[in-house]
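Chains as they are written, first to last, in UniProt numbering: chain U, 1 to 313; chain Y, 1 to 313; chain W, 1 to 260; chain G, 1 to 260. Glycine included, each C-beta is placed from N, C-alpha and C at the ideal position. Structure, as structure tokens:
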Amino acid sequence: MNMLDIQLPGLDLKNPIMPASGCFGFGKEFGNLYDLNILGAIMVKATTPEPRFGNPTPRVAETSSGMLNAIGLQNPGLTNVMKDELPRLNQFDVPIIANIAGSQVEDYVTVAREISKVSNVKALELNISCPNVKEGGITFGTDPVVARKVTEAVKAVSEVPVYVKLSPNVTNIVEMAQAVEAGGADGLTMINTLMGMRFDMKTGKPILANKTGGLSGPAIKPVAIRMIYEVSQAVNIPIIGMGGIMTAEDVIEFFYAGASAVAVGTANFTDPFVCPKIIEELPVLLKKLGFNHISECTGRSWNKHAQFANHRA
Amino acid sequence: MNMLDIQLPGLDLKNPIMPASGCFGFGKEFGNLYDLNILGAIMVKATTPEPRFGNPTPRVAETSSGMLNAIGLQNPGLTNVMKDELPRLNQFDVPIIANIAGSQVEDYVTVAREISKVSNVKALELNISCPNVKEGGITFGTDPVVARKVTEAVKAVSEVPVYVKLSPNVTNIVEMAQAVEAGGADGLTMINTLMGMRFDMKTGKPILANKTGGLSGPAIKPVAIRMIYEVSQAVNIPIIGMGGIMTAEDVIEFFYAGASAVAVGTANFTDPFVCPKIIEELPVLLKKLGFNHISECTGRSWNKHAQFANHRA
Amino acid sequence: MIKNEAMKIVSQQEIAESIYELTLSGSLVSEMNQPGQFVHIKTGNGYEPLLRRPISISAIDKENNTFTMVYRAEGKGTFLLSQAKNDTEIDVLGPLGNGFTPEVAISGETALLVGGGIGVPPLYELSKRLTKLGVNVIHVLGFQNAATVFYEEKFRALGETYITTVDGSHGTKGFVTDVIDILSNSYTTIFACGPTPMLRALESAYKETKEVFLSLEERMGCGIGACFACVCHTADDPTGFQYKKVCSDGPVFRAGEVVL
Amino acid sequence: MIKNEAMKIVSQQEIAESIYELTLSGSLVSEMNQPGQFVHIKTGNGYEPLLRRPISISAIDKENNTFTMVYRAEGKGTFLLSQAKNDTEIDVLGPLGNGFTPEVAISGETALLVGGGIGVPPLYELSKRLTKLGVNVIHVLGFQNAATVFYEEKFRALGETYITTVDGSHGTKGFVTDVIDILSNSYTTIFACGPTPMLRALESAYKETKEVFLSLEERMGCGIGACFACVCHTADDPTGFQYKKVCSDGPVFRAGEVVL
Ligand SMILES: Cc1cc2nc3c(=O)[nH]c(=O)nc-3n(C[C@H](O)[C@H](O)[C@H](O)COP(=O)(O)OP(=O)(O)OC[C@H]3O[C@@H](n4cnc5c(N)ncnc54)[C@H](O)[C@@H]3O)c2cc1C
Ligand SMILES: Cc1cc2nc3c(=O)[nH]c(=O)nc-3n(C[C@H](O)[C@H](O)[C@H](O)COP(=O)(O)OP(=O)(O)OC[C@H]3O[C@@H](n4cnc5c(N)ncnc54)[C@H](O)[C@@H]3O)c2cc1C
Ligand SMILES: Cc1cc2nc3c(=O)[nH]c(=O)nc-3n(C[C@H](O)[C@H](O)[C@H](O)COP(=O)(O)O)c2cc1C
Ligand SMILES: Cc1cc2nc3c(=O)[nH]c(=O)nc-3n(C[C@H](O)[C@H](O)[C@H](O)COP(=O)(O)O)c2cc1C
Ligand code: FES
Ligand code: FES
Numbered sequence: 001m002n003m004l005d006i007q008l009p010g011l012d013l014k015n016p017i018m019p020a021s022g023c024f025g026f027g028k029e030f031g032n033l034y035d036l037n038i039l040g041a042i043m044v045k046a047t048t049p050e051p052r053f054g055n056p057t058p059r060v061a062e063t064s065s066g067m068l069n070a071i072g073l074q075n076p077g078l079t080n081v082m083k084d085e086l087p088r089l090n091q092f093d094v095p096i097i098a099n100i101a102g103s104q105v106e107d108y109v110t111v112a113r114e115i116s117k118v119s120n121v122k123a124l125e126l127n128i129s130c131p132n133v134k135e136g137g138i139t140f141g142t143d144p145v146v147a148r149k150v151t152e153a154v155k156a157v158s159e160v161p162v163y164v165k166l167s168p169n170v171t172n173i174v175e176m177a178q179a180v181e182a183g184g185a186d187g188l189t190m191i192n193t194l195m196g197m198r199f200d201m202k203t204g205k206p207i208l209a210n211k212t213g214g215l216s217g218p219a220i221k222p223v224a225i226r227m228i229y230e231v232s233q234a235v236n237i238p239i240i241g242m243g244g245i246m247t248a249e250d251v252i253e254f255f256y257a258g259a260s261a262v263a264v265g266t267a268n269f270t271d272p273f274v275c276p277k278i279i280e281e282l283p284v285l286l287k288k289l290g291f292n293h294i295s296e297c298t299g300r301s302w303n304k305h306a307q308f309a310n311h312r313a
Numbered sequence: 001m002n003m004l005d006i007q008l009p010g011l012d013l014k015n016p017i018m019p020a021s022g023c024f025g026f027g028k029e030f031g032n033l034y035d036l037n038i039l040g041a042i043m044v045k046a047t048t049p050e051p052r053f054g055n056p057t058p059r060v061a062e063t064s065s066g067m068l069n070a071i072g073l074q075n076p077g078l079t080n081v082m083k084d085e086l087p088r089l090n091q092f093d094v095p096i097i098a099n100i101a102g103s104q105v106e107d108y109v110t111v112a113r114e115i116s117k118v119s120n121v122k123a124l125e126l127n128i129s130c131p132n133v134k135e136g137g138i139t140f141g142t143d144p145v146v147a148r149k150v151t152e153a154v155k156a157v158s159e160v161p162v163y164v165k166l167s168p169n170v171t172n173i174v175e176m177a178q179a180v181e182a183g184g185a186d187g188l189t190m191i192n193t194l195m196g197m198r199f200d201m202k203t204g205k206p207i208l209a210n211k212t213g214g215l216s217g218p219a220i221k222p223v224a225i226r227m228i229y230e231v232s233q234a235v236n237i238p239i240i241g242m243g244g245i246m247t248a249e250d251v252i253e254f255f256y257a258g259a260s261a262v263a264v265g266t267a268n269f270t271d272p273f274v275c276p277k278i279i280e281e282l283p284v285l286l287k288k289l290g291f292n293h294i295s296e297c298t299g300r301s302w303n304k305h306a307q308f309a310n311h312r313a
Numbered sequence: 001m002i003k004n005e006a007m008k009i010v011s012q013q014e015i016a017e018s019i020y021e022l023t024l025s026g027s028l029v030s031e032m033n034q035p036g037q038f039v040h041i042k043t044g045n046g047y048e049p050l051l052r053r054p055i056s057i058s059a060i061d062k063e064n065n066t067f068t069m070v071y072r073a074e075g076k077g078t079f080l081l082s083q084a085k086n087d088t089e090i091d092v093l094g095p096l097g098n099g100f101t102p103e104v105a106i107s108g109e110t111a112l113l114v115g116g117g118i119g120v121p122p123l124y125e126l127s128k129r130l131t132k133l134g135v136n137v138i139h140v141l142g143f144q145n146a147a148t149v150f151y152e153e154k155f156r157a158l159g160e161t162y163i164t165t166v167d168g169s170h171g172t173k174g175f176v177t178d179v180i181d182i183l184s185n186s187y188t189t190i191f192a193c194g195p196t197p198m199l200r201a202l203e204s205a206y207k208e209t210k211e212v213f214l215s216l217e218e219r220m221g222c223g224i225g226a227c228f229a230c231v232c233h234t235a236d237d238p239t240g241f242q243y244k245k246v247c248s249d250g251p252v253f254r255a256g257e258v259v260l
Numbered sequence: 001m002i003k004n005e006a007m008k009i010v011s012q013q014e015i016a017e018s019i020y021e022l023t024l025s026g027s028l029v030s031e032m033n034q035p036g037q038f039v040h041i042k043t044g045n046g047y048e049p050l051l052r053r054p055i056s057i058s059a060i061d062k063e064n065n066t067f068t069m070v071y072r073a074e075g076k077g078t079f080l081l082s083q084a085k086n087d088t089e090i091d092v093l094g095p096l097g098n099g100f101t102p103e104v105a106i107s108g109e110t111a112l113l114v115g116g117g118i119g120v121p122p123l124y125e126l127s128k129r130l131t132k133l134g135v136n137v138i139h140v141l142g143f144q145n146a147a148t149v150f151y152e153e154k155f156r157a158l159g160e161t162y163i164t165t166v167d168g169s170h171g172t173k174g175f176v177t178d179v180i181d182i183l184s185n186s187y188t189t190i191f192a193c194g195p196t197p198m199l200r201a202l203e204s205a206y207k208e209t210k211e212v213f214l215s216l217e218e219r220m221g222c223g224i225g226a227c228f229a230c231v232c233h234t235a236d237d238p239t240g241f242q243y244k245k246v247c248s249d250g251p252v253f254r255a256g257e258v259v260l
């Protein structure tokens, strides 16, 4: 019996576990470590119209139970992604979610129009929440009016469903979620990183060349869980949750909060085999908790009327 | 030579280390463990006009390198605080910073007017950022207009300088800081806790009875540092920094970011002797880094013109 | 006085399924006087786990400067603790709280000691104190199943001992209250520690007729009374703002003192 | 192939001030072939430290299925690693990256190996390979002071060895370049690992006249080429978007290939 298959707009997932954007490149390197066919989906690195080098190094710093990154959306650009990176992923029977970014609405539109035509791209992830670039990125993700506008523009050209990636660096996450839902988003992915910083003891200067960076890893999990809990009760579109997932237990906690699938980011650096491990452990854990299928967990924290056919926990 | 003394509005500090509000009660319990005279100051538990029981238990939950709390401003009320708690602290030669809270502007005004008359209360800390109460608290801390209004009202009646405690749960922390500065704040304290949540694996329900709670501890340090870095460059009033401080190195990092003093919260639970330890270690660390006085560290990350008389690091 | 000490592990062993007995030595033992007090333990070196874990003192050996705890390795912190090796050090804060006062029982009378699961350990030191005072003791100890039963012989050596297991795999099948209901009513005092439903049942059944003392559990921050994490309402003001702190006013309360 | 293995500690010892030599055994050793590759190490059990630490392979012993690293215990992760005891296991990912190719040097010719501080360790396996290939080796190794010098005798056993210390407490006072400047110019190839200023100095002085190979350091996330944490510009497109990843294209590059 399959306890893990999940259907979401555009996405027919064997299981709800996928690597998060930016933490898995375009799959090439991890493909040398294990068979990517076991993944539910793959969220590839952000693509912009033009190639980008990104920020100067150092680009990562460590924090307590977390890390800061300021990669700055380095990517080979739309043309190369379509020519080299996505075709290579065709060998796998895994839906690709293309993360798209840019400095202005037209950039998003350009990338969305082209990349959504690629056959294995089953959904787009609109990155309006990258804290590490000067233009675009997070500015789109903190103003509900702007966020809605870019969502509408992308929806108008995309041939596949559009998921919008929300930034946690806002006062009111529900307002942001509702704005992009109104703009036509088919789903949400959340959360992107929290803006953070570290200084070097000796020089007194920021460790990251970009000064600030995005905080990810277990440190931010409680914030992610809280936001998904709030948003999932206020919108009618599904949520792919992320932020600090390291274990199968964490996955269940995100489902309880209201997620319908999850992405694993930073954990891939701590343990490159974390995705296969979680996929293997989930059915065992679900059985132990008394569930027949992982979908029974979604929103269990707030959904008083959820029926659990076989709940023994 | 004293390397640690710091002067701030209303506060003549032997050293810049003080326990954070809510993590030290009114000093009684820690007073049984060590001589409170060694502290720079004490930020006492929030006081509201009326006594409060706070939220149901469980009120705390653990997270990776952090904790969630939802105490809910439990306190014996203004009259009892003035009659019992503050007089007991009179035996110590330590300035008291009174943390004040309420459900409406009048509550803040009432507490500020009375408590600022107490002789050992040298400053107020306006808690407009508590995420764990239904009314007041964080609602005052996320809207700059409201924040400014309550600051002005309190300034009008307070007999001592007023520090405003900022919430990190906002899109634009600089805007909040500038609003309360315009409202007459003499200083800022930041950050309060990030809103977070955890669920129980077995029940699927929130671990905290209050559902959400405030995230504190080392997990949030990068966020605190980043916000202090941004705010300290945009205002002309001093900042007392807090959020995840565990060691003397952390203190220096907060100073580099722009803090002029710091408060230690959650760390008191991990190690009840953490404040004395940090106070002892700071001069050694400062010497090792080549500083003559801790004030040389303030804003070093962004202040290109800072002069360091004797810097060898 | 409350002290903080890096105490040496004298021995640690698994005495039942996931149940560990840990004996530590150090000068902090000289501060330990009352059964039912607890210590607050840092189970790892870094910031994870960040919070200490409250564990009851189950035996005090002043001569050898050691004390013993019995705990269940369940979550992250207690699991880490169970991995600690002999001769390494554990960071202990204690002794904390107000424990049981054996002196309320009178020599020659009988006391009933009721424990559930990991509520059993503090009763051991208490029972030793009571028997030393000449008090007759009866123990009723409840467990999940045979595999998790511990200290049965140790308690038996001190007095009459009944074991219950939920699945009936050892002793009487059912809960401690099933045994107590059919015991002769000879005891004057009840001391209990265990899950809240068990404490509630004892309180409502015996509060009026016996002297009843209950040891409570609550999630803790500081463990010393400063953070207000562990409060409960007092019984005479159940919805007001009167409160007791489990960590510093308790963990042991007289039945009827606080709202369970 | 890159593998992940819990490898057993065969030995760990402090061989100079804060400098540890750690030997691990396991089947992963069979994948190690090139000097200058590195492993990515999880130094603690929990989420803190969260990231792995890149450490060079300094010796490979295929017969005994062991390899050796030499590292400085500096920050949180390497300090934790230095506390690990014999017979416990360390989580290792590797071998990673492209190391030195000893075969570029020709038997009978001379190679100059230049190391600075914790850049010295990978040169040891390299030097063994070179001498085995019949290449003459000269080592110039720079340290802070006498207390932090390590492996002097081991290198001396393989070839001519010069030590420099910044404070002059051992060997020549100054930097490695001070010694190289006065060496006879007999070598054809330079292999170097150490601080970036040292690598830059070597590159600008010898890029045109010698074959120069440099091993770079950069802060890493994944260590396998997926996260873009460790990129550098290529020399032929210094401000464009051409790049190399230190972790998977390097850490060893030919001088002039990337911007230092
Ligand atoms: C006064 C007192 C005495 C206790 N004595 C014993 C004893 O002798 N033997 C024993 O096995 N257990 C005892 N407990 C319970 C013990 O503290 C918890 O089982 C333990 O804290 C769980 O930690 P963990 O790392 O296994 O779980 P985690 O799930 O990692 O714990 C997460 C957080 O929740 C808290 N927590 C979880 N469960 C409990 C609980 N039941 N009570 C209080 N806090 C909890 C932890 O302290 C920690 O802060 C006592 C509790 C109290 C309050
Ligand atoms: C390819 C490569 C090979 C290396 N080989 C060796 C070796 O053989 N021996 C040795 O002693 N050191 C070596 N280093 C440096 C070593 O990785 C760092 O000293 C170590 O990561 C510092 O970790 P920490 O826990 O002491 O410091 P922390 O301050 O706790 O480190 C915090 C973070 O910064 C990173 N970091 C800090 N300093 C460095 C650095 N110099 N280079 C890369 N990342 C850093 C850490 O990996 C970690 O992510 C090598 C580095 C690289 C890139
Ligand atoms: C090194 C790194 C690079 C990232 N790059 C991207 C990116 O290109 N696009 C994006 O939407 N999110 C990016 N993210 C954010 C992650 O996809 C994810 O939202 C975040 O890290 C939280 O999840 P985690 O805690 O599991 O890492 C990146 C994160 C990291 C750590
Ligand atoms: C248990 C607990 C209770 C708190 N109570 C208050 C309070 O009453 N008033 C207030 O302004 N902040 C309160 N705080 C927030 C702290 O003062 C501090 O701003 C925050 O915890 C971040 O610092 P830390 O990471 O060092 O704990 C409380 C924090 C904790 C953990
Ligand atoms: S745990 Fe802090 S008051 Fe009891
Ligand atoms: S460390 Fe991730 S690409 Fe090099």
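Buried or exposed (CB count within 10 angstroms, at least 16 for buried), residue i
| i | result |
| --- | --- |
| glutamate 63 of chain G | exposed |
| arginine 72 of chain G | buried |
| aspartate 250 of chain U | buried |
Residue i (DSSP reduced to helix, strand or coil)
| i | result |
| --- | --- |
| phenylalanine 308 of chain Y | Per-residue confidence for phenylalanine 308 of chain Y stands at a pLDDT of 46, beneath the threshold of 50, marking its modelled position as unreliable; the derived number appears in the next sentence. Three-state result, phenylalanine 308 of chain Y: coil. |
| asparagine 99 of chain Y | strand |
| arginine 52 of chain W | coil |
| isoleucine 225 of chain U | helix |
| lysine 277 of chain U | helix |
| glutamate 21 of chain W | strand |
| cysteine 247 of chain W | coil |
C-beta atoms of residue i and residue j nearer than 8 Å
| i | j | result |
| --- | --- | --- |
| valine 235 of chain Y | glutamate 181 of chain Y | yes |
| proline 16 of chain U | isoleucine 6 of chain U | yes |
Cβ separation of residue i and residue j, assumed to be a contact under 8 Å, to the nearest whole Å
| i | j | result |
| --- | --- | --- |
| isoleucine 38 of chain U | glycine 27 of chain U | Incorrect: roughly 12 Å between the Cβ atoms, too far for contact. |
Report the start-end ranges of each beta strand (DSSP E) in the region 89-176 of chain W that is 3 residues or longer and not cut off at the edges. 89-96, 110-116, 136-143 and 160-165
Suppose only complete runs of 3+ residues qualify. What are the beta strand (DSSP E) ranges in the region 149-224 of chain Y, listed by chain order? 162-165, 187-190, 194-196 and 213-216
In chain order, which continuous runs of the alpha helix (DSSP H) of length 4 or greater are located wholly inside the region 204-231 of chain G? none
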